[in-house]
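Chains as they are written, first to last, in this note's numbering: chain E, 27 to 319; chain S, 10 to 526.
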Amino acid sequence: MVRPKRRLTDSQLALFLIVPLVIFQAALTLYPSATALWMSLQKFNPMAQPIGFVGANNYIKALTDPAVAHATLVSLEFTFVVVVAAVLLGIGGALLLNEQFRGRSIVRVLVVLPWAIPEYATAVIFGYLYSENFGTINGLLYQLNLIPNYLPLLYLGHIWLTGIAYSWHYAPLAIFFFLGALQSVPEDLYRQAKIDGASAFMRFRTVVFPYLRYALLIVLVLASVDAMKALDIVWIMTQGGPADATRVLTFEIYRETFQYGQLGYGATLSFLLMLLITALTAVYFIVLTRRRR
Amino acid sequence: MSRTKENEKDKKSKDANANVTRRQALSKMGMAAVGAAAVVVVGGVAYYLSSQPPAPPPSITPTTTAAPTTIGPPVTTAPATITPGGKPVRFNCWAFHPEIIQENMDIFNQQYGENGELIQSPGDYYGSLETRLMTGPASGIDMMYMHSDWLTRYYKAGWIQPVNDEEHFDEIRNDYGNKKLLDTVIMPDGKQCAWVYFNGTVPLFYNGKVLKKAGVADDTGHIKSAPKTWDDFVQMCRDIKKSGASDAPYWAKWGNCGTCGINETFDEYCVSEGEQQFDPKTQEPTFENDTVLHMLENMRTLMAEGLVSKGVLATSEQDNITGFASGKYAFTELHDYDLNQQNDPAKSPDAGWYHWMPNQPGKKGWYPFMGAHYAITSHSYMKRSPNDAKRVERLHQFYSWKDKNGEYLAGRKWIKELELGQPYTKFYEDPEIKASWLRHMDEGDFEVRKNAHMNAVLTPSIYIGCVWFAEYHGFLNDVLPKMVLGESGYSPRETLTRMVDKANELRKTYGGAEVWE
């Protein structure tokens, strides 16, 4: 008697296909996250015994720590500068690159370069641009007789100038998202608005912007998440200074975890940062997709 | 008949292909993926097992062999019966001229038939090192660069092997010119935990060209009368500013660097005043006194009167070096080997005008120790075999002391190439080495440097014994900039109180002297 060949049901097949992915995700994401969550509930500092469960103490400490509150505000300020600058540069750059001009293909390639440059190199480049002793910006202002002496720009503009440096690095990504969206705007719609006598601003607001909405959402989310997570640029340019003016939350996390060995508390701060990023992202989604729904 | 069979076979085969649904294809692909994963896992386990070190040899019989020497006395090399090879001996280093470190490693491998390897840790050295060391043998680190402060921390964690039982222990110690260097490596329990990689100090330097313009240096750019106290120093800065020679004469090393910013400079001021800051035995803060208070007041005065640019508060260590080389400033404190950059015509318009201050201002005028060490990871922690332990010891002494031929190979190279100070007094008498130092300083500076190196002291209670120094230093970077900027709640008196409170809080968290009992 021939045994009938056993066939997987749809559900079994789906399970069969998805299990490796779940295992992979669990190993690379869930396990470390769960371990970090467990650590965040511990007093986990190899140099200060004993190590042990402290419940929500680390969270209470973090939420009442003025240094954490300060770092959170600095992170939000930094993110605000990065996002605004990246969106403005992104839309401006995309509008420019959407026009027909000689050498446009080359310019489109060159525009990517800042994004390809590592954050470390970006920090070094802007460090020299802002330098009080050799800085290009100071040199230019001085040559134009706009300043009597070279200025300590990074002291004066700390978080804004580091934010601008980061957005220079980030802008190409925004440009390409917006450029892609711009290319989906129907030409006749645009022409029609022109015939109807709409001004350039009105044409942008009523014809172009609706097509940019989702690109904007993506750029806002990506730029915000990346800016909230940024550390290299601040670490290299100002090391959190002057005083604690550029001490972003990631700086605080790094310092607590890797310099002070406070692994439990560092994990707690990381979870708070994750919650903050999630909340920020949710706000974007709600605001930008509300009308569409 | 056979043709018919073949046709049927073909047909079946075609039918089978035609009937392969997406479901079946996916199932097969899934099976293949699982099979591939299994192969990878099995392969990985097999590779791991095969890469484990071989069993240690039955015994080690130390023998000594004489070796030729060029500088030092005849040296007995490590036992000839040490079996080289096997698991590589690994040296974890930061990325300061790795080509020199690699060159030395190549020589070591050649001389001893070894397979030593470098692990470079660019960026935040201790951030990555500490997390690696937590993993024990998996870290794969046998020897590493260390600073005194982290040495304390890692020794307390059980990661560092004391060197007291190393062969040639007494010979090496006797070779050191400045015996105070031993303070930088001896832990509160009396164990010595490292050998010196380089030693130096963080003195005040001046730009003779600016001082000459201000009338406080002679025509050759040598200071006429060096300030004896920090009050004198502040006054000299005022005079220079008033003369117009420099807008902000003191390019202070007051940045936010974890261990080499305003925190290190504050330590330097303390050392020059003879202030140890903490009790060496109990680690209790001892700095709540008028001397330290006045020092803080001076720092604030320097900033308030514009004698220091506010820009220094956002500088890195490198900014400090390049900034002073700009020729705009009269004074700064630098790691002593950085003078070579100031006096390099390719890097500074005032090259040749930079000098050591003839003396450190302050009641004692002491120079702070600044340098680094070679430490080895604990044999028991790393589960090292006795033979491998000896191989690591040999690597340790090759870099920190002498090579197989009895030469101070690594140390000599560091001086010749980069002017890093070495603990061996006889180097100062060596004409070739002196000539390398004189490339970027004159005879007067050389004598000041020699004296400073021979007498530099550690602030022992900060670095030795306080496993919590990193947090304390981070805290100094938080409060001192606010104090110099005159922020509310950060007067010198209030800042001093905050510092004492922080030190006591950390002692409470981590434990004081009892930690070492």
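Quick reminder that beta carbons are idealized off the backbone N, C-alpha and C, glycines included. A quick note: this is a predicted structure, and the numbers were derived from the prediction, not measured.
Give, in chain order, every residue of the stretch 238–270 of chain S whose Cβ lies closer than 7 Å to some Cβ of chain E.
The residues in question are D256, G264, N265, C266, G267.
Taking all protein chains shown into account, do 16 or more other C-beta atoms lie within 10 angstroms of the C-beta of K511 (chain S), making it buried, or fewer, making it exposed?
It is buried - the Cβ of K511 (chain S) has at least 16 other Cβ atoms within 10 Å.
For the alpha helix (DSSP H) that contains C475 (chain S), what are its first and last residues?
First-last for C475 (chain S): undefined, no H or E at that position.
Can you name the start and end residues of the beta strand (DSSP E) that W204 (chain S) belongs to?
That run of the beta strand (DSSP E) goes 204–210.
Of the residues E:T61, E:V150, E:A62, E:A197, which one's Cα is nearest the Cα of L246 (chain E)?
With distances taken between Cα atoms, L246 (chain E) lies closest to E:A197.
Determine the burial state of G206 (chain E): buried for a count of at least 16 other Cβ atoms within 10 Å of its Cβ, exposed for fewer.
G206 (chain E) is exposed by the Cβ-count criterion.
Round the Cβ separation of L4 (chain S) and I110 (chain S) to the nearest angstrom and send it over; I've been treating them as touching at under 8 Å.
Lying before the first or after the last residue shown, residue 4 (chain S) is absent from chain S, which here runs from 10 to 526.
Is there a Cβ from chain E that is less than 8 Å from the Cβ of M463 (chain S)?
Chain E contact via Cβ: absent.
Please report how far the alpha carbon of N460 (chain S) lies from the alpha carbon of T295 (chain S), in whole angstroms.
Going from the Cα of N460 (chain S) to the Cα of T295 (chain S) covers about 28 Å.
Report back the beta-carbon spacing between L515 (chain S) and E342 (chain S) to the nearest angstrom; my notes put them in contact at under 8 Å.
Between E342 (chain S) and L515 (chain S) the Cβ distance is about 26 Å, and since that is not below 8 Å, they are no contact.
Using a Cβ-Cβ cut-off of 7 Å (strictly less than) and excluding sequence neighbours within five positions of G186 (chain S), which residues of its own chain qualify?
For G186 (chain S), where only same-chain residues beyond five positions count, the Cβ hits under 7 Å are P432, Y433, T434, M463.
In chain S, what lies closer than 7 Å to F281 (chain E) by C-beta?
In the sequence as presented, Phe is not what sits at residue 281 (chain E); that position holds Arg. Simply G483.
State whether the stretch 93–104 of chain E contacts the stretch 272–288 of chain E, with contact taken as three or more CB pairs (one from each stretch) at a distance under 8 Å.
Yes: the two stretches touch, three or more of their Cβ pairs being nearer than 8 Å.
Kindly indicate which three-state DSSP category L26 (chain E) falls into: helix, strand or coil?
Since the displayed chain E opens at 27 and closes at 319, residue 26 (chain E) lies outside it and no answer follows.
For N101 (chain S), report the span of its beta strand (DSSP E) as first-last.
N101 (chain S) -> beta strand (DSSP E) spans 99–102.
Using a Cβ-Cβ distance cut-off of 8 Å, determine whether K4 (chain S) contacts chain E.
Any answer about residue 4 (chain S) is impossible in this case: the structure gives chain S only from 10 up to 526.
Starting from Q5 (chain E), trace the alpha helix (DSSP H) both ways and give me its first and last residue.
Because chain E here runs from 27 to 319, residue 5 (chain E) falls outside it and cannot be looked at.
Does D252 (chain E) pass the burial test, meaning 16 or more other C-beta atoms within 10 Å, or should it be called exposed?
Classification of D252 (chain E): buried, given that the 10 Å Cβ count is 16 or more.
Restricting to Cα atoms, I'd like to know which of S:L427, S:G145, S:D192 is closest to I169 (chain S).
Residue S:G145 is the option with its Cα nearest to I169 (chain S).
Output yes or no for whether 8 Å exceeds the beta carbon distance between Y164 (chain S) and C102 (chain S).
Going by C-beta atoms, Y164 (chain S) is not nearer than 8 Å to C102 (chain S).
Can you confirm whether I312 (chain E), when its beta carbon is compared against all beta carbons of chain S, has any partner nearer than 8 Å?
Not an interface residue.
So which residues of chain S does G129 (chain E) contact, with C-beta pairs closer than 7 Å?
Ordered by position in chain S, no residue passes the 7 Å Cβ test against G129 (chain E), which lies about 37 Å from the chain.
For the stretch 318–332 of chain S against the stretch 171–183 of chain E, are there 3 or more C-beta pairs whose distance is under 8 Å?
Judged by Cβ distances under 8 Å, the stretch 318–332 of chain S makes contact with the stretch 171–183 of chain E, as three or more pairs qualify.
Can you list, in chain order, the residues of its chain whose CB lies under 7 Å from that of H344 (chain S), leaving out five sequence neighbours each side?
Within the same chain, H344 (chain S) has close Cβ partners G209, V211, M379.
Have a look at S:Y121, S:N118, S:W159, S:Y519 and flag the residue whose alpha-carbon is nearest the alpha-carbon of S137 (chain S).
Of S:Y121, S:N118, S:W159, S:Y519, the residue nearest in Cα terms is S:W159.
Between the C-alpha atoms of R448 (chain S) and D258 (chain E), what's the straight-line distance to the nearest angstrom?
About 36 Å.
Looking only at its own chain, which residues have a Cβ that is under 6 Å from the Cβ of I151 (chain E), when we skip the five neighbours before and after it?
Taken in chain order, the list of residues that qualify is empty.
Pick out whichever of S:Y383, S:M450, S:L494, S:A419 has its Cα sitting closest to the Cα of D99 (chain S).
Note that residue 99 (chain S) is Arg in the sequence shown, not Asp. Cα-wise, what sits closest to R99 (chain S) is S:Y383.
Taking DSSP's pairing of strands, which residues face K250 (chain S) in a bridge?
K250 (chain S) pairs with nothing; no bridge assigned.
Residues of the stretch 299–315 of chain S with a CB closer than 7 Å to any CB of chain E: list them in chain order, please.
Flagged: no residues at all.
Around the C-beta of A347 (chain E), are 16 or more other C-beta atoms found within 10 angstroms, so that it is buried, or is it exposed?
There is no way to answer for residue 347 (chain E), as the model of chain E reaches only from 27 to 319.
What did DSSP end up calling E126 (chain S) once you bin it into helix, strand or coil?
Reduced to three states, the DSSP call for E126 (chain S) is strand.
Under 9 Å, CB to CB, which of the residues in the stretch 130–152 of chain S have a partner in chain E?
Residues passing the 9 Å Cβ filter: G132, D133, Y135, G136, S137, E139, T140, M143.
Mind listing, in chain order, the continuous alpha helix (DSSP H) runs of no fewer than 4 residues lying wholly within the stretch 86–165 of chain E?
Within the stretch 86–165 of chain E, the complete alpha helix (DSSP H) runs of at least 4 residues are 92–124, 130–142, 145–156.
Just the Cα atoms here: how many angstroms apart are P71 (chain S) and T90 (chain S)?
The predicted position of P71 (chain S) is uncertain, since its pLDDT is 32 and thus under 50; a value taken from the coordinates is nonetheless stated next. C-alpha separation (whole angstroms): 7 Å.
Which same chain residues end up closer than 8 Å to N349 (chain S) when comparing Cβ atoms and leaving out the 5 residues on each side of it in sequence?
Excluding sequence neighbours, N349 (chain S) sits near L427, E428, R448, H449.
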